[in-house]
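Student: Numbering (the working numbering), first residue to last: 1 to 66.
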């Protein structure tokens, strides 16, 4: 059974959003690992994260990142 033409783009958008969320989650895990393992060796990363902390505000209440 084929999906209607209206359902196909919606499914594609859902897949795209899920992929982007997973990519963001992976990047956040990498940053977390870098900070946990070598906090003293990453002053530029720490400074940049603090300077741009407003970028992370939108993820604070997102269910994918809880």
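We put the CB at the ideal spot given by N, CA and C, even for glycine.
Using three-state DSSP, classify residue 61 as helix, strand or coil.
Tutor: coil
Student: Could you have a look at residue 42 and say whether DSSP puts it in helix, strand or coil?
Tutor: coil
Student: Looking only at C-alpha atoms, which of 19, 62, 34 and 61 sits nearest to residue 49?
Tutor: If we check each option's Cα against that of residue 49, 34 comes out closest.
Student: Going straight from the alpha carbon of residue 27 to that of residue 17, what length do you get?
Tutor: 15 Å
Student: For a quick check, are the C-beta atoms of residue 25 and residue 56 less than 8 Å apart?
Tutor: no
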